Amino acid sequence: MLVVISRGLIRSERRDDFVAAAQEMAMATRDDQGCRQYAFCADIEDPRWIVCVEIWDDDAALDAHMGHPHTARFLDSIADSHIGDIEMHCYTATLNQQ
């Protein structure tokens, strides 16, 4: 299982557009095969900071997601929304079922 955490600072004047695009992206992505969770969250102290938390079955599911048209549309639509680079961290996780 993969956990992906991305974080970016969104321009104040573009935040509403970003949120609308992120809502569409989240709804489409949750239907992707191998997607266990996909959510955008705003920092409670500075809502310009947005975090995306993704959980995928495996590398293949994440790779397929990156190739979907809705992913390309989202990335194109937010290209001028953020300040600086978007940080992206990917972790391998195991599910501990007790």
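Note that my numbering has the sequence shown beginning at 205, numbered continuously upward. Yeah, the Cβ is synthetic: ideal placement off N, Cα and C, and Gly gets one too. Given the structure is predicted, the values throughout are model-derived calculations rather than measurements.
Taking 9 Å as the cut-off, decide whether the C-beta atoms of residue i and residue j are in contact.
i, j, result
"G288", "L206", "no"
"M229", "T275", "yes"
"M292", "S210", "yes"
"E258", "V208", "yes"
"A264", "C239", "no"
"R215", "R252", "yes"
"H272", "A246", "no"
With a 10 Å radius around its C-beta and 16 neighbouring C-beta atoms as the bar for buried, classify residue i as buried or exposed.
i, result
"T298", "exposed"
"E249", "exposed"
"C294", "exposed"
"A226", "buried"
Taking DSSP's pairing of strands, which residues face residue i in a bridge?
i, result
"V257", "I209, A243"
"I214", "H286"
Mind checking which residues open and close the alpha helix (DSSP H) that includes residue i?
i, result
"T298", "No alpha helix (DSSP H) holds T298; DSSP gives it neither H nor E."
"A172", "With the chain covering only 205 through 302, there is no way to say anything about residue 172."
Look up residue i in the DSSP assignment and say whether it is helix, strand or coil.
i, result
"D221", "helix"
"D284", "coil"
"D263", "helix"
"E291", "strand"
Does the ligand ADP have even one heavy atom less than 8 Å from the beta-carbon of residue i?
i, result
"D267", "Summarising the ligand content, the structure contains no ligands, and the ligand ADP is consequently not present."
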